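Peer 1: Take a look at the following structure, please.
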Amino acid sequence: MNYSSAFIPTLREVPADAVIASHRLMFRAGLLRKLANGLFAYLPLGLRSFRKVEQIIREEMNAAGALEIKPTVVVPGELWKESGRWDAMGESLLRVKNRLDNDFVVSPTAEEAFTSIVRDELSSYRQLPLTLYQINTKFRDEIRPRYGVMRGREFVMKDAYSWHTDDKSLDETYQAMGRAYRRIFKRCGLSVIPVKADSGAMGGSGSEEFMVESEVGDNTLILCKKCDYAANVEKAGCKPDFTTAAAANTPPFEKIDTPNVKTIDELCAFLKTESSQFIKTLIYRALNVELDLSAAPGCSKLERKKPAPDAPLVYPEAFFSVAIRGDLDVNEVKLAAALKASEVALASDNDVIRLTNAPVGFAGPVGLTSLPLVIDHTVTGMNDAVTGALEKDLHYRHVAYGRDFTGWMIEDVRTVKAGDLCPLCGGELYTKMGNELGHIFKLGYKYTRSMNVSYLDENGKAQTPIMGCYGIGVDRTLASVIEEHHDEAGIIWPTSIAPYHVIIIPIKYDGAVKAAADKLAAELTEAGLEVLLDDRNERPGVKFNDADLTGIPWRVVIGDKGLANPTPQVEIKRRSEKENRMVELDKAAAELAQKIREEEEIIKALK
Ligand code: ATP
Ligand code: MG
Numbered sequence: 000m001n002y003s004s005a006f007i008p009t010l011r012e013v014p015a016d017a018v019i020a021s022h023r024l025m026f027r028a029g030l031l032r033k034l035a036n037g038l039f040a041y042l043p044l045g046l047r048s049f050r051k052v053e054q055i056i057r058e059e060m061n062a063a064g065a066l067e068i069k070p071t072v073v074v075p076g077e078l079w080k081e082s083g084r085w086d087a088m089g090e091s092l093l094r095v096k097n098r099l100d101n102d103f104v105v106s107p108t109a110e111e112a113f114t115s116i117v118r119d120e121l122s123s124y125r126q127l128p129l130t131l132y133q134i135n136t137k138f139r140d141e142i143r144p145r146y147g148v149m150r151g152r153e154f155v156m157k158d159a160y161s162w163h164t165d166d167k168s169l170d171e172t173y174q175a176m177g178r179a180y181r182r183i184f185k186r187c188g189l190s191v192i193p194v195k196a197d198s199g200a201m202g203g204s205g206s207e208e209f210m211v212e213s214e215v216g217d218n219t220l221i222l223c224k225k226c227d228y229a230a231n232v233e234k235a236g237c238k239p240d241f242t243t244a245a246a247a248n249t250p251p252f253e254k255i256d257t258p259n260v261k262t263i264d265e266l267c268a269f270l271k272t273e274s275s276q277f278i279k280t281l282i283y284r285a286l287n288v289e290l291d292l293s294a295a296p297g298c299s300k301l302e303r304k305k306p307a308p309d310a311p312l313v314y315p316e317a318f319f320s321v322a323i324r325g326d327l328d329v330n331e332v333k334l335a336a337a338l339k340a341s342e343v344a345l346a347s348d349n350d351v352i353r354l355t356n357a358p359v360g361f362a363g364p365v366g367l368t369s370l371p372l373v374i375d376h377t378v379t380g381m382n383d384a385v386t387g388a389l390e391k392d393l394h395y396r397h398v399a400y401g402r403d404f405t406g407w408m409i410e411d412v413r414t415v416k417a418g419d420l421c422p423l424c425g426g427e428l429y430t431k432m433g434n435e436l437g438h439i440f441k442l443g444y445k446y447t448r449s450m451n452v453s454y455l456d457e458n459g460k461a462q463t464p465i466m467g468c469y470g471i472g473v474d475r476t477l478a479s480v481i482e483e484h485h486d487e488a489g490i491i492w493p494t495s496i497a498p499y500h501v502i503i504i505p506i507k508y509d510g511a512v513k514a515a516a517d518k519l520a521a522e523l524t525e526a527g528l529e530v531l532l533d534d535r536n537e538r539p540g541v542k543f544n545d546a547d548l549t550g551i552p553w554r555v556v557i558g559d560k561g562l563a564n565p566t567p568q569v570e571i572k573r574r575s576e577k578e579n580r581m582v583e584l585d586k587a588a589a590e591l592a593q594k595i596r597e598e599e600e601i602i603k604a605l606k
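Residues 0 to 606, numbered by this note's numbering, are exactly what the sequence shown covers, in order.
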């Protein structure tokens with residue numbers, strides 16, 4: 000390809016809203032242009048790399064036994080109503096109507112579409128397991144699209160879905176997908192950190208996210224300094240840093256006046272104590288709670304419903320009090336998982352006042368019988384604590400767990416922090432910020448139940464299949480490669496996804512230099528390499544800058560001086576290295592072809 004006809008509009012200046020390197024460089028190197036906030040167009044150079052990422056994903060998915068299909072991006076709203084997500088998804092779901100007033104959804108993900116296809120075809124256990132995937136456009140009306148294609152509104156996702164007769168079969172596919180993901184990211188030149196992730200309330204039992212470290216990442220990763228423990232903070236656990244202590248020597252608890260004290264810090268100052276001596280009690284509202292609350296305090300009159308004929312009963316709404324050591328925070332994802340709830344959030348002030356019969360800020364576990372009390376593990380180690388007294392400006396002190404109150408449920412719901420201890424080896428935990436590139440997830444029966452999918456087992460009995468889902472963001476993967484591989488001057492593509500393998504720069508595209516450049520380009524192309532020949536009538540400096548900016552892995556410079564040697568020579572340089580080398584013109588194509596092939600072989604042989 001000749002540069003002059005390749006439509007590579009490079010820019011010297013940086014777009015004003017581009018704060019991360021990949022966003023800046025994708026614009027400057029002419030890979031991408033913006034149509035609107037969160038909507039981007041790939042230009043030819045960007046699309047070449049994009050397609051290569053897609054192809055790597057496709058090869059690895061196929062090798063792992065997944066089958067590619069191509070459903071539509073616009074799907075009937077009916078399917079989303081069946082699964083319950085028409086209402087549950089909120090504002091990020093783009094709902095549209097056609098001229099007949101029918102509802103449609105622009106897919107943000109495709110559990111419904113795939114499940115509906117499989118539902119219509121599935122009859123026997125012999126058809127399972129089955130894994131289908133697509134590499135297709137998604138739309139999410141993100142509140143804050145940012146960092147270019149890292150978080151766009153429209154993007155491309157590889158999404159795979161699998162159906163199984165049992166957990167064991169699901170686990171096999173889940174593991175195979177995990178292995179495929181590791182290979183995909185390695186082949187793209189990415190260092191990913193697989194972390195344990197929340198698997199939600201709906202019967203999911205396994206979830207792993209593939210993260211790349213990023214200063215602007217949306218996820219906090221908890222990692223161990225000593226072993227390979229790695230988890231999303233939403234899921235992370237830690238070794239207990241308390242011992243359950245008896246209350247033998249604690250004086251009876253007593254009420255104390257704490258006038259105008261509102262925050263835990265103020266209370267600590269007032270009582271000259273540490274926040275870790277305080278039991279924080281918070282009231283939460285939970286939705287779609289799958290636990291049985293019939294014997295829980297204050298819940299006897301709660302209504303229970305079946306969202307789908309084959310689905311378990313849930314309480315559409317329930318309230319809980321949650322007690323935790325005062326220096327810690329409640330992890331709402333862990334709490335939702337413990338309550339088997341689809342969602343939890345702090346209750347409104349009105350609900351707090353109604354349920355605790357006290358002003359906001361004075362809840363405490365002693366005497367709080369109007370709702371079930373969830374106790375974080377840490378509270379079981381507290382035998383002389385301060386708590387709210389369920390009355391304005393009053394607290395209790397000398398409160399002991401086990402003596403003065405117990406919980407309806409004891410669970411680990413704390414948010415793990417740097418400095419806590421690794422749950423596996425006791426080593427010190429630390430944090431990193433990360434961006435999620437991919438996610439593998441054991442979905443359980445959520446969609447197969449709500450959408451009534453069944454097959455006949457060996458005995459002719461109808462059964463519901465269990466499901467897994469597996470996603471990778473193609474755009475985000477591509478941008479992350481640039482984040483990991485660039486320098487001041489521009490992108491440094493790994494060969495596997497570079498838009499071209501070689502850029503040839505004739506110092507002046509004329510005469511003998513032009514003839515040599517054309518010859519080399521033809522030879523390289525013949526050898527199966529992708530070549531960009533900078534035929535522009537530009538100063539060499541401009542051409543070198545653009546070559547660095549666009550990040551083509553190999554650069555060959557051809558000038559009169561090199562060609563004047565007894566055996567004509569050209570200069571070869573790797574984008575990732577400083578040094579260049581003179582190579583005989585006649586041998587250049589073979590040498591480059593060999594180097595690139597060797598690299599491809601190494602990458603393909605990756606475990
Ligand atoms: P996030 O937490 O970043 O919003 P998610 O957990 O909602 O992502 P999934 O539903 O797990 O995303 O989607 C699978 C993959 O799709 C993600 O791992 C990510 O690579 C990609 N992805 C999700 N949302 C976006 C987006 N707005 N722009 C680009 N890629 C996205
Ligand atoms: Mg995810």
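For each residue, glycine too, the CB sits at the ideal point set by N, CA and C. Treat the numbers as computed from the prediction; the structure is a model and nothing was measured.
What does a CB cutoff of less than 6 Å around G202 pick up in its chain, not counting 5 residues either side in sequence?
Peer 2: Below a pLDDT of 50, predicted positions are generally treated as unreliable, and G202, at 47, falls in that range; the measurement from the model is reported next regardless. Excluding positions up to five away in sequence, the list reads G443 and Y444.
Peer 1: Quick one, what's near the ligand MG if you take every residue whose CB is closer than 7 Å to any heavy atom, in chain order?
Peer 2: E208, E435, H438 and G470
Peer 1: Among A20, I68, Q54 and T9, which one has its Cα closest to the Cα of P607?
Peer 2: Because the chain is modelled from 0 through 606, residue 607 falls outside the range shown and cannot be assessed.
Peer 1: Does the distance from the C-beta atom of L131 to that of L66 stay below 7 Å?
Peer 2: yes
Peer 1: Suppose only complete runs of 4+ residues qualify. What are the alpha helix (DSSP H) ranges in the stretch 18-102, listed by chain order?
Peer 2: 20-27, 43-62, 76-82 and 84-87
Peer 1: Grab the span of the beta strand (DSSP E) containing C424 for me, first residue to last.
Peer 2: Element bounds for C424: n/a, residue is neither H nor E.
Peer 1: Could you tell me if G297 is buried or exposed, where buried requires 16 or more neighbouring beta carbons within 10 angstroms of its beta carbon?
Peer 2: buried
Peer 1: Is D328 near the ligand ATP - that is, is its Cβ less than 6 Å away from at least one heavy atom of it?
Peer 2: no
Peer 1: Below 8 Å on the Cβ atoms is my contact criterion, and I expect E233 with D197 to pass it. Report the Cβ-Cβ distance as a whole number of Å.
Peer 2: 5 Å
Peer 1: Tell me whether P231 is buried or exposed, calling it buried when 16 or more other Cβ atoms sit within 10 Å of its Cβ.
Peer 2: Strictly speaking, residue 231 in this sequence is Asn, with Pro absent from that position. Buried, because 16 or more other Cβ atoms sit within 10 Å of the Cβ of N231.
Peer 1: Taking Cβ to Cβ, would you say A310 is nearer than 7 Å to R448?
Peer 2: yes
Peer 1: Should L220 be counted as a contact of the ligand NAD given a C-beta to heavy atom distance under 6 Å?
Peer 2: With respect to the ligand NAD, the structure shown offers nothing to examine, as its ligands consist of the ligand ATP and the ligand MG.
Peer 1: Taking just the CA atoms, how far does A294 sit from M408?
Peer 2: Take the alpha-carbon of M408 and the one of A294: they are about 12 Å apart.
Peer 1: Could you give the distance in angstroms between the alpha-carbon of L327 and the alpha-carbon of E58?
Peer 2: 46 Å
Peer 1: What whole-angstrom Cβ distance do L34 and A28 have, given they're in contact under 8 Å?
Peer 2: Rounded, the Cβ-Cβ distance is 18 Å, inconsistent with contact.
Peer 1: Classify M581 as buried or exposed, calling it buried when 16 or more other Cβ atoms lie within 10 Å of its own Cβ.
Peer 2: exposed
Peer 1: What is the C-beta distance between E482 and I19, in whole angstroms, given that I count them as a contact (C-beta under 8 Å)?
Peer 2: Right, their Cβ atoms sit about 7 Å apart.
Peer 1: Nearest-angstrom Cα distance between N349 and I7?
Peer 2: 59 Å
Peer 1: Please confirm whether F440 and S115 have their CB atoms less than 7 Å apart.
Peer 2: Note that the C-beta distance between F440 and S115 is not below 7 Å.
Peer 1: Write down every uninterrupted run of the beta strand (DSSP E) in the stretch 295-331 whose length is 3 residues or greater and which is fully enclosed by it, in chain order.
Peer 2: 314-324
Peer 1: When we look at the beta-carbon of D16 and count the other beta-carbons within 10 Å, is it buried (16 or more) or exposed?
Peer 2: exposed
Peer 1: Do K157 and I263 have their beta-carbon atoms positioned less than 7 Å apart in this structure?
Peer 2: no
Peer 1: Measuring CB to CB, does T494 end up less than 7 Å from I601?
Peer 2: no
Peer 1: Distance, Cα to Cα, A5 vs V530?
Peer 2: 11 Å
Peer 1: Determine the direct distance from the alpha carbon of S82 to that of E390, and round the result to whole angstroms.
Peer 2: 44 Å
Peer 1: Indicate whether P464 and W79 have their beta-carbon atoms separated by less than 7 Å.
Peer 2: No.
Peer 1: Between L222 and K431, how many whole angstroms is the CB-CB distance? I'm expecting something under 8 Å.
Peer 2: 6 Å
Peer 1: Under three-state DSSP, which class holds C223?
Peer 2: strand
Peer 1: Under three-state DSSP, which class holds L345?
Peer 2: strand
Peer 1: Does at least one heavy atom of the ligand ATP sit under 6 Å from the Cβ of G443?
Peer 2: Checking the Cβ of G443 against the ligand ATP gives no.
Peer 1: In whole angstroms, what is the alpha-carbon distance linking L605 and H22?
Peer 2: 29 Å
Peer 1: So, I496 versus V52, is the Cβ gap smaller than 7 Å?
Peer 2: Contact flag set, yes.
Peer 1: So F184 and T377 are in contact, right, with Cβ under 8 Å, and what is the actual spacing, rounded?
Peer 2: No, F184 and T377 are not in contact; Cβ-Cβ is about 37 Å, not under 8 Å.
Peer 1: Return the Cβ separation of E208 and E435 in integer angstroms, given the expectation that the two are a contact with Cβ distance under 8 Å.
Peer 2: 5 Å
Peer 1: With DSSP run on the structure shown, which of helix, strand or coil describes S369?
Peer 2: coil
Peer 1: Compute the distance between the beta-carbons of I490 and G550, then report whether it is under 7 Å.
Peer 2: yes
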